[in-house]
Amino acid sequence: MHYERILPAGSGDPLRYTDARFEPTDPLFDAEEPAPVRPWRRKRSAVAAALAATVACGGVDRPGIHATDSILVQLEAGAAPPAHAGDDSEGPPIVALQSVAPQEEAPLLRVPLQPGTDPIAAAEEASRRSGVAFAEPVYMYQTSKTPNDPRYKDLWGLAAIDAPGAWARMTGDRAVAVAIVDDGVALDHPDLKANIWVNKQELAGNGVDDDLDGFVDDVHGWDFVDNDPDPSPAATGAERWHGSHVSGTIGATGDNRVGVTGVNWKVSLMALRAIGPQGGRSDDLARAIDFAADHGARIINASWGGGGASQVLSKAIERAGKKGVLFVAAAGNDAAAKPGYPASLKLDNVLSVGATTPDDLLAPFSDRGALVAAPGVGILSTTAPGQYERYDGTSMASPHVAGVAALLWAAHPNASLDQVRKAILS
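Under this note's numbering, think of the first position of the sequence shown as 436, with each following residue one higher.
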């Protein structure tokens, strides 16, 4: 069952509530009293804070924070500057800069670094040397970025998590794939089509399984309901744009002068349709999760629940975790004391997400006890091609967090699942 309530565009009155009851009994669930929900909004940007968090990647630069090619060294008065970096005259020449304070006589030096050197560690080492007043990385500063999408001002959720603070560092990367396991994605929506995942090993429309993965023509994903290569929503039905709405929050194309923007301006949205008009079967959902993990998705967004605890589904989520895939799951809309299945799985790759209001309070409908909470009321996003609607529910909160994870991996491509998860939770 989708975790959503649907609002017509511009309306504040809910038309529909989902009312599934969640009573998980699987031993993977936490039977203890749930911890208080930690709102996703902080005194400073939650997204920017996550991006700026120390993700240990072996000396890799944190994009947008400092340069990696050199450090700045301020000598003490009277200290003689070396001509070259290193201990011999063969190193790169050191550039003497004008001192920041004109009255200072000691030069400020730009010292080149060897490729792969950690600028922070190098600055700390240089500052301990005789004759050095201080040393620091070359910090980088960016202009504030906001997209030119005409309805950006209506996206209160992005403002609540201060996404612009993150965009100054990173707006996303299409090398990061996020699997949308849902009721389909509108592949031809003008705000989504540039960010739809492409299986580069498959040729479209030739009727051949080019990449030998067991799926023919799976160029943009797969439809596990109808078992065909078109993961678009069902042809009819009023409630068939859930996955498209989720996709827009994660990755509606930013700065394209069209509609809205997602948490990521650039990302690869892997469309996996596993929910039909009657709901989603556990085996179809499990197959979709396996597909995502096997085809390079870093994140799976699961804005659904309501069934019993399934070993088949749980094992698929666990398999994905072993391949480094983060599973972001909506907590549920029953105001229950703990998240519903599968958000309540006690697995290291699962992040459960509750919903908050524009007042930064837990939404009355949101299940309690989720690990994080994110905006989930009146969220404007993509639906039918060229259209946008406001939905609310934990279904809408989950993609905010999935989007943050994608930004983190865009900024830190070598980060592990555990590092990204901890950065979000810290």
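Cβ atoms here follow ideal geometry from the backbone N, Cα and C, with glycine treated the same way.
Computed from a prediction, not measured in an experiment: that's the story for all the values here.
Item: Look at residue 806 and residue 780 and say whether their C-beta atoms are less than 8 Å apart.; Value: no
Item: Going straight from the alpha carbon of residue 511 to that of residue 566, what length do you get?; Value: 5 Å
Item: By Cβ distance, which residues of its chain are closer than 8 Å to residue 681, with the 5 residues on each side in sequence left out?; Value: 615, 617, 736, 738, 816, 830, 831, 833 and 834
Item: Whose CA, out of 659, 609, 721 and 638, lies closest to the CA of residue 701?; Value: 609
Item: In the DSSP assignment, what are the bridge partners of residue 814?; Value: 826
Item: Give a yes or no on whether the C-beta atoms belonging to residue 789 and residue 772 are separated by under 8 Å.; Value: no
Item: So the beta strand (DSSP E) residue 791 belongs to, where does it begin and stop?; Value: 785-791
Item: Quick check on the burial criterion: 16 or more other C-beta atoms within 10 angstroms. Buried or exposed for residue 755?; Value: buried
Item: Ignore the nearest five residues each way along the sequence and tell me which others in residue 725's own chain have a CB closer than 8 Å to its CB.; Value: 751, 754 and 755
Item: If I measure Cβ to Cβ from residue 637 and keep anything under 7 Å in the same chain, skipping five residues before and after, which residues do I get?; Value: 645, 646, 652, 653 and 654
Item: State the beta-bridge partners of residue 509 as determined by DSSP.; Value: 543 and 569
Item: Is it right to say residue 505 is buried, meaning 16 or more other beta carbons lie within 10 angstroms of its own, or is it exposed?; Value: buried
Item: For residue 504, does the three-state DSSP call read helix, strand or coil?; Value: strand
Item: Counting Cβ pairs closer than 8 Å, one from the region 692-708 and one from the region 593-612, do we hit at least three?; Value: yes
Item: Which one of 838, 741, 694 and 705 has the shortest CA to CA distance from residue 658?; Value: 705
Item: Please name the residue in 560, 671, 552 and 573 whose C-alpha comes closest to that of residue 543.; Value: 573
Item: At a threshold of 7 Å, does residue 610 count as lining the ligand SAM (C-beta to nearest heavy atom)?; Value: With respect to the ligand SAM, the structure offers nothing, as it holds no ligand at all.
Item: Only counting the same chain, and skipping five residues up and downstream in sequence, which positions put a Cβ closer than 8 Å to that of residue 425?; Value: Because the chain in this structure spans residues 436 to 861, residue 425 falls outside the shown range and cannot be described.
Item: Among the residues of its own chain, which have a CB less than 7 Å from the CB of residue 612, if the five just before and after it don't count?; Value: 632, 703, 705, 731, 732 and 733
Item: Here's a check: name, in chain order, each residue in its chain whose Cβ is nearer than 6 Å to the Cβ of residue 818, leaving out the five neighbours to either side.; Value: 676, 679, 680 and 824
Item: Using 10 angstroms around the beta-carbon of residue 564, count the other beta-carbons present and answer buried if the total reaches 16, otherwise exposed.; Value: exposed
Item: In three-state terms, what does DSSP make of residue 630?; Value: helix
Item: I need the DSSP call for residue 856, collapsed to helix, strand or coil.; Value: helix
Item: For residue 712, I'd like the list of residues in its chain whose CB is within less than 7 Å of its CB, leaving aside the five on either flank, ordered along the chain.; Value: 669 and 672
Item: Is the Cβ-Cβ distance between residue 694 and residue 597 less than 8 Å?; Value: no
Item: If residue 720 sits next to residue 748, beta carbons under 8 Å apart, how far is it from one beta carbon to the other, in whole angstroms?; Value: 6 Å
Item: According to DSSP, is residue 779 helix, strand or coil?; Value: coil
Item: Taking the alpha-carbon positions, what's the residue 650 to residue 846 distance?; Value: 32 Å
Item: Please list, in chain order, all residues of the same chain as residue 800 whose beta carbon is under 6 Å from its beta carbon, the five residues on each side excluded.; Value: 768 and 770
Item: Using alpha carbons as the reference points, say which of 601, 687 and 716 lies closest to residue 844.; Value: 601
Item: Roughly how many angstroms lie between the CA atoms of residue 635 and residue 628, to the nearest whole one?; Value: 16 Å
Item: Put residue 756 into one of helix, strand or coil per three-state DSSP.; Value: helix
Item: May I have the straight-line CA-CA distance separating residue 578 from residue 603, to the nearest angstrom?; Value: Low per-residue confidence applies at residue 578: pLDDT is 46, beneath 50, and the placement is therefore not dependable, though the value from the model is reported in the following sentence. Approximately 7 Å, taken between the alpha carbons.
Item: Output the residue ranges of the alpha helix (DSSP H) runs that lie fully inside the region 643-705 and measure 4 residues or longer, sorted by chain position.; Value: 677-686
Item: On the DSSP bridge list, what partners appear for residue 708?; Value: 617 and 658
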